[in-house]
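Q: Residue numbers (my numbering): 816 to 1235. Yeah, the Cβ is synthetic: ideal placement off N, Cα and C, and Gly gets one too.
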Ligand SMILES: Cc1cc2nc3c(=O)[nH]c(=O)nc-3n(C[C@H](O)[C@H](O)[C@H](O)COP(=O)(O)OP(=O)(O)OC[C@H]3O[C@@H](n4cnc5c(N)ncnc54)[C@H](O)[C@@H]3O)c2cc1C
């Protein structure tokens, strides 16, 4: 059998091909078209770049960012009136799965647009920023985590103090992806201390640090962290030493106008709302990675021969591939269900945590298994399976670890006793 005769199967294009009438009802013609467009872009344009640049720890090249802008992918969830595609979390995740199948980092850069960093109080400025976000000229970074505030985000220590009409920000942030290349950094800061007995999240706000791409503003410095994977953009350890931000550059929660920060855990709530979508998006990225592993294995099992047979003749390996494929389908159905809940505006913190937990743990298992099916070739940078494996390994850690997802889920299910 020649390699061109090899069978491959991608989601919604199963083998043998399924007639349109048998496709699931959510698979509308418009969604199918968007998915096909994303798939072609991912496989024809992103994958070759990823194969070349990821082993060199290279960054996503400018021409790919421009193509993402042309395709409208930076503004999938931005309203059409503001220059976006006007679609939902469902489509955002569907496109992200396709991109992650080629290179997770490209799916991740989409999360730094989609209207992020536009929730300012002034409606005219907000609309201008939304338009820029949709077009790819307002791509940001999110600085929530700190050396002592990872899972425990309420422990944020970075301070912002009002000095006249400016905030002065001092502290350290860790793990800030895309910080230097960004047009802005959304920074979670402490503007007030909680009174004794109050929630530690009180007094946290998100500030909008507007900056030039490729530069750090006065008072901000940092170094890139040397990561195991997730190349394509740099992840920074940042020091804020008296960084000045105009008082009005504050991210405002819906229905909230105040800027003195005296409230509330507004910043913490904003971060939580952001995290629900981020968790479903992470699940979709995990599905993309696991699917990549399944697709690579489907070819490799036909290509590689041992004992006079393609290794795909060995039942143990066939069954392993079957289990991997079933796990991917299950996680896809789940992330689409939760994306639908988000699009309907229904509360789904528990479900967002569940799908993040389930899909990312699945991706670790499936990519690990894919490496095994590739034998020694899997443990080289000559094959792509090692990239899927390295990137999948991160998905159970960022956007809240698996343990934190279990905490959210169990807290929603089970009250603690007074002893707990
Ligand atoms: C490559 C990368 C990119 C990132 N990008 C960003 C970014 O762009 N912006 C940003 O703000 N952050 C980012 N992060 C930070 C990420 O969200 C945190 O790493 C993550 O939330 C975990 O925090 P931590 O690393 O401090 O681990 P810790 O919180 O120190 O956790 C250590 C271990 O303890 C466990 N643990 C902690 N608390 C509990 C508990 N209550 N119960 C049970 N187990 C617990 C954890 O699950 C984990 O196993 C990134 C991280 C990485 C690695």
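Kindly indicate which three-state DSSP category residue 863 falls into: helix, strand or coil?
A: It is helical.
Q: Is residue 1036 helix, strand or coil when you go by DSSP?
A: Strand, per DSSP.
Q: Considering only heavy atoms of ligand 1, does any lie closer than 7 Å to the CB of residue 1215?
A: Within the cutoff, so yes.
Q: With a cut-off of 8 Å on the beta carbons, I'd call residue 1020 and residue 1006 a contact; round off their distance for me.
A: Contact holds; Cβ gap of about 5 Å.
Q: Does the beta carbon of residue 1026 fall short of 7 Å from some heavy atom of ligand 1?
A: No.
Q: Considering residue 1050, what are the terminal residues of the beta strand (DSSP E) in which it resides?
A: Unbroken beta strand (DSSP E) run through residue 1050: 1050-1061.
Q: Any contact of the segment 989-1002 with the segment 1023-1036, i.e. 3+ C-beta pairs under 8 Å?
A: Segments in contact, yes.
Q: Is residue 995 near ligand 1, with its Cβ less than 7 Å from a heavy atom?
A: Residue 995 Cβ: outside cutoff for every heavy atom of ligand 1.
Q: Restricting to Cα atoms, I'd like to know which of 919, 1115, 1176 and 925 is closest to residue 1047.
A: Nearest of 919, 1115, 1176 and 925 to residue 1047, Cα basis: 919.
Q: Tell me the DSSP secondary structure of residue 1180 in three-state form.
A: Reduced to three states, the DSSP call for residue 1180 is helix.
Q: Just to check my reading of the structure: residue 906 and residue 891 have Cβ atoms closer than 8 Å, yes? What is that Cβ distance to the nearest angstrom?
A: The pair is a contact, with the Cβ atoms about 5 Å apart (cut-off 8 Å).
Q: Terminal residues of the continuous alpha helix (DSSP H) containing residue 856?
A: Here the alpha helix (DSSP H) through residue 856 covers 844-856.
Q: Just list the residues that DSSP pairs residue 985 with in beta bridges.
A: DSSP, once it has assigned bridges, lists 974 and 1056 as partnering residue 985.
Q: Taking C-beta to C-beta, are residue 1067 and residue 1032 nearer than 8 Å?
A: No; because the gap between Cβ atoms is not below 8 Å, this pair is not in contact.
Q: If you follow the beta strand (DSSP E) that residue 1001 is in, where does it begin and where does it stop?
A: Element bounds for residue 1001: 999-1005.
Q: Are the CB atoms of residue 936 and residue 898 nearer to each other than 8 Å?
A: Their beta carbons are not under 8 Å apart, which means residue 936 does not touch residue 898 by this criterion.
Q: Note down the Cα distance separating residue 990 from residue 966, rounded to an integer number of angstroms.
A: One C-alpha to the other measures close to 13 Å.
Q: Between which residues of its own chain and residue 908 is the CB-CB distance below 8 Å, once the five residues before and five after are set aside?
A: 1095, 1096, 1098, 1099, 1150, 1151 and 1154, listed in sequence order.
Q: Measuring alpha carbon to alpha carbon, tell me which residue in 877, 1224 and 1194 is nearest residue 1168.
A: Answer by Cα proximity: 1224.
Q: May I have the straight-line CA-CA distance separating residue 995 from residue 924, to the nearest angstrom?
A: Using only the alpha carbons, I get a separation of about 13 Å.
Q: Assuming residue 1044 and residue 914 are in contact, meaning their beta carbons sit under 8 Å apart, how far apart are those beta carbons, in whole angstroms?
A: The pair is not a contact, with the Cβ atoms about 16 Å apart (cut-off 8 Å).
Q: Whole beta strand (DSSP E) runs in the segment 946-974 with 3 or more residues, listed along the chain?
A: Segments of the beta strand (DSSP E) lying fully in the segment 946-974: 955-958.
Q: Under 8 Å, do residue 1105 and residue 958 count as touching if we go by C-beta distance?
A: The answer is no: Cβ separation not under 8 Å.
Q: Please classify residue 1221 as buried or exposed, where buried requires at least 16 neighbouring CB atoms within 10 angstroms.
A: The residue in question, residue 1221, is exposed, as its Cβ has fewer than 16 Cβ neighbours within 10 Å.
Q: Between which two residues does the beta strand (DSSP E) harbouring residue 993 extend?
A: Premise fails: residue 993 is in no beta strand (DSSP E) and is neither H nor E.
Q: In the DSSP assignment, find the unbroken beta strand (DSSP E) run with residue 1025 in it and report its ends.
A: Taken as a continuous stretch (DSSP letters only), the beta strand (DSSP E) holding residue 1025 covers 1019-1025.
Q: Under the assumption that residue 861 contacts residue 921 (Cβ atoms under 8 Å), give the Cβ distance between them as a whole number of angstroms.
A: 5 Å between Cβ atoms; contact.
Q: Quick one: using the 10 Å Cβ neighbour count with 16 as the cut-off for buried, is residue 1210 buried or exposed?
A: With 16 or more Cβ atoms within 10 Å of its Cβ, residue 1210 is classed as buried.
Q: Indicate whether the contact test is met: 3 or more Cβ pairs, each with one atom in the segment 1170-1190 and one in the segment 870-890, closer than 8 Å.
A: No, they do not touch.
Q: Express the C-alpha separation of residue 1125 and residue 1219 in angstroms, rounding to a whole number.
A: Going from the Cα of residue 1219 to the Cα of residue 1125 covers about 43 Å.
Q: Given a threshold of 16 other Cβ atoms within 10 Å of its Cβ, counted over all protein chains shown, does residue 929 qualify as buried or as exposed?
A: So residue 929 ends up on the buried side.
Q: Please say whether residue 1038 and residue 1052 have beta carbons closer to each other than 8 Å?
A: Yes; because the gap between Cβ atoms is below 8 Å, this pair is in contact.
Q: Among 1018, 1132, 955 and 1163, which one has its Cα closest to the Cα of residue 1030?
A: Checked all of 1018, 1132, 955 and 1163; the closest Cα to residue 1030 is 955.
Q: If you measure between the beta carbons of residue 993 and residue 940, is that distance less than 8 Å?
A: The answer is no: Cβ separation not under 8 Å.
Q: Shortest alpha-carbon distance to residue 1107 belongs to which of 841, 846, 854 and 842?
A: Nearest option by C-alpha distance: 854.
Q: Relative to the C-alpha of residue 1018, which residue among 953, 972, 1178 and 1050 is closest?
A: The residue with the shortest Cα to Cα distance from residue 1018 is 972.
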